[in-house]
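Heads up, the sequence shown is in UniProt numbering, so the first residue is 1 and it goes up one at a time. No residue lacks a Cβ here, since even glycine has one placed at the ideal position from N, Cα and C. Worksheet for the structure shown next.
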Amino acid sequence: MPKLIIDVSQWQGVINWETVKPHIDGAILRMGFGSDQVNQDDAQWERNVSECTRLGIPWGAYIYSYANTPQKAQSEIQHTLRLLKGKKPQLPVYFDAEDVSIRAYCHASFPAWDAAVKAAGYKTGLYSGYYFRRDCMPAVNPDTWWLAWYNGTNGMKKPLTGNWIYDAWQFKSDGSFPGISGRVDTNYFYKDFLGSAPISNPVPVPAASSSPRLDLEIQCLNRGRSGKKVGGGELCMYDDAITGLSIGVTGGWVEYRVHKMGGGWFSRITKCDWGTPDAYAGDLHSMIDGVQIYFHTDPKLTGGKYYRVKYQVKTQHHGWLGEIYDTDFSNGDGNTTAGIFGDPIIGIRAKLV
Numbered sequence: 001m002p003k004l005i006i007d008v009s010q011w012q013g014v015i016n017w018e019t020v021k022p023h024i025d026g027a028i029l030r031m032g033f034g035s036d037q038v039n040q041d042d043a044q045w046e047r048n049v050s051e052c053t054r055l056g057i058p059w060g061a062y063i064y065s066y067a068n069t070p071q072k073a074q075s076e077i078q079h080t081l082r083l084l085k086g087k088k089p090q091l092p093v094y095f096d097a098e099d100v101s102i103r104a105y106c107h108a109s110f111p112a113w114d115a116a117v118k119a120a121g122y123k124t125g126l127y128s129g130y131y132f133r134r135d136c137m138p139a140v141n142p143d144t145w146w147l148a149w150y151n152g153t154n155g156m157k158k159p160l161t162g163n164w165i166y167d168a169w170q171f172k173s174d175g176s177f178p179g180i181s182g183r184v185d186t187n188y189f190y191k192d193f194l195g196s197a198p199i200s201n202p203v204p205v206p207a208a209s210s211s212p213r214l215d216l217e218i219q220c221l222n223r224g225r226s227g228k229k230v231g232g233g234e235l236c237m238y239d240d241a242i243t244g245l246s247i248g249v250t251g252g253w254v255e256y257r258v259h260k261m262g263g264g265w266f267s268r269i270t271k272c273d274w275g276t277p278d279a280y281a282g283d284l285h286s287m288i289d290g291v292q293i294y295f296h297t298d299p300k301l302t303g304g305k306y307y308r309v310k311y312q313v314k315t316q317h318h319g320w321l322g323e324i325y326d327t328d329f330s331n332g333d334g335n336t337t338a339g340i341f342g343d344p345i346i347g348i349r350a351k352l353v
């Protein structure tokens with residue numbers, strides 16, 4: 001079965017690796033970019049290495065190349081070796097070839113980098129898109145090729161590779177993982193680099209798994225609590241105003257929150273337990289007029305397929321409003337809200353799609 005590997009940099013901020021660990025098989029960490037200057041080291045490199053090492057998460061590394069002259073190429077080699085000194089990555093160290101500025105020179109800079117880093121005792125590889133490799137460095141022969149290819153099919157459609165074989169596939173740039181803020185590059189690795197044995201023919205095959213499930217329950221102002229709607233669906237208690245919301249899921253994790261009518265947003269919730277105040281949304285006595293929900297797929301549990309939550313609400317004065325797919329909580333206050341402020345919510349529909 002392919003390994004699920006993420007690649008991260010300072011752009012993901014301070015990662016909670018203990019929270020991330022159960023959801024991944026390893027990580028590729030950006031060490032830095034360009035020439036050997038301290039201000040071009042990745043700001044989270046040392047911490048990410050330390051945390052992965054402490055927690056036993058297999059890790060590798062990559063340097064983003066800007067080398068378009070022999071001098072810059074040598075400086076990038078020194079940059080790589082300086083940041084790797086004393087460290088023991090279990091996964092390969094990659095040369096990231098994607099910047100337009102290196103198109104005319106990467107055919108020479110990569111082999112020089114590859115030989116030097118390999119001579120220092122590290123496994124090496126090339127990261128690139130198919131067209132970049134085809135057009136700019138068709139003659140290079142890396143030990144392993146990490147292919148970037150997005151095709152909008154949740155990573156399950158075989159990418160275009162020509163006659164080359166890839167051992168790793170970056171199929172998604174907007175993955176979500178607990179413990180990491182924002183979107184994450186997500187990859188399948190088909191070679192067991194710890195044992196140097198191929199895992200499978202490099203065509204993604206979904207793991208045996210069941211479809212994820214969303215369970216929905218509400219509390220209303222006068223009629224109390226509804227029964228649980230297993231698998232999602234519609235809940236509406238005779239047009240009684242909703243004062244609390246509980247959502248449970250399998251196959252990933254969920255974030256949700258509600259807006260107090262005449263007030264502000266309640267805290268974001270990731271659990272579902274009416275007996276615990278921080279495990280349901282709302283205060284059970286105040287009417288709500290806004291809902292936001294986001295489902296984070298765990299592809300290890302869904303065979304690599306990604307799901308979204310589709311939801312909508314019914315308000316007292318406007319009826320059923322339009323459908324919403326996954327509120328983006330990383331975008332400030334969320335870019336989508338179900339509801340109209342000032343109009344009590346009296347019904348909700350939600351399911352995973």
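Assigned exposure category for residue i - 16 Cβ within 10 Å defines buried
i	result
P198	Here P198 scores only 42 on pLDDT, less than 50, and its place in the model should not be relied on; the value that follows carries that caveat. By the neighbour-count rule (16 or more Cβ atoms within 10 Å), P198 is not buried but exposed.
G275	exposed
G175	buried
residue 354	A question about residue 354 goes unanswered here, because the residues of the chain that appear run from 1 up to 353.
V38	exposed
Q170	buried
W164	exposed
K229	buried
T153	Residue placement at T153 cannot be trusted, given a pLDDT of 43 that sits under 50; what the coordinates show is reported in the next sentence. Its Cβ having fewer than 16 others within 10 Å, T153 is exposed.
N141	exposed
K85	exposed
D192	exposed
V100	exposed
C44	Per the sequence shown, residue 44 should be read as Gln rather than Cys. Q44 is buried by the Cβ-count criterion.
Q219	buried
T302	buried
H285	exposed
A104	exposed
Y325	exposed
L91	buried
E323	exposed
Q12	buried
L194	exposed
D114	buried
E76	buried
R133	buried
D278	exposed
K118	exposed
T80	buried
L4	buried
L55	exposed
A208	For A208, the pLDDT reaches just 42, beneath the cut-off of 50, and the residue's location in the model is therefore unreliable, although a value from the coordinates is still provided. Its Cβ having fewer than 16 others within 10 Å, A208 is exposed.
S65	buried
E18	exposed
P89	buried
P212	buried
Beta-bridge partners of residue i, as assigned by DSSP
i	result
T297	G252
W320	K314
R225	Q219
Q170	A148, N187
I348	L235, V313
A338	V291
S194	Note that residue 194 is Leu in the sequence shown, not Ser. DSSP lists no partner for L194.
Y127	D96, W146
D343	I340
L214	V249
G175	V184
Y325	K310
Whole-Å CB distance - residue i paired with residue j, under 8 Å assumed
i	j	result
Y62	R82	Between R82 and Y62 the Cβ distance is about 15 Å, and since that is not below 8 Å, they are no contact.
K127	A108	The sequence given here places Tyr at residue 127; Lys does not occur at that position. The pair is not a contact, with the Cβ atoms about 17 Å apart (cut-off 8 Å).
residue 364	I348	This structure cannot speak to residue 364, because the chain is shown only from 1 to 353.
residue 371	V353	No information on residue 371 is available, as it lies outside the stretch 1 to 353 that the chain covers here.
D185	I6	6 Å
residue 360	P344	The structure shown does not extend to residue 360, since the chain is modelled only from 1 to 353, so the question has no answer here.
K271	I288	No, K271 and I288 are not in contact; Cβ-Cβ is about 18 Å, not under 8 Å.
V20	P178	7 Å
A338	Q312	6 Å
D240	L221	6 Å
I57	G26	6 Å
G60	I28	5 Å
G232	A73	54 Å between Cβ atoms; not a contact.
E217	S226	6 Å
residue 390	Q10	No information on residue 390 is available, as it lies outside the stretch 1 to 353 that the chain covers here.
Cβ-heavy atom distance, residue i to the ligand HEM, below 8 Å
i	result
P178	The ligand HEM is absent from the structure shown, which contains no ligands of any kind.
Segments of 3+ residues assigned as beta strand (DSSP E) that fall wholly inside the segment 4-70: 26-33, 59-64
Complete beta strand (DSSP E) runs within the segment 237-282 (minimum length 3 residues, chain order): 242-249, 252-260
contact_flag[the segment 252-260, the segment 287-301] where n(CB pairs < 8 Å) is 3 or more: yes
Minimum length 3: unbroken beta strand (DSSP E) runs contained in the segment 80-108: 93-96
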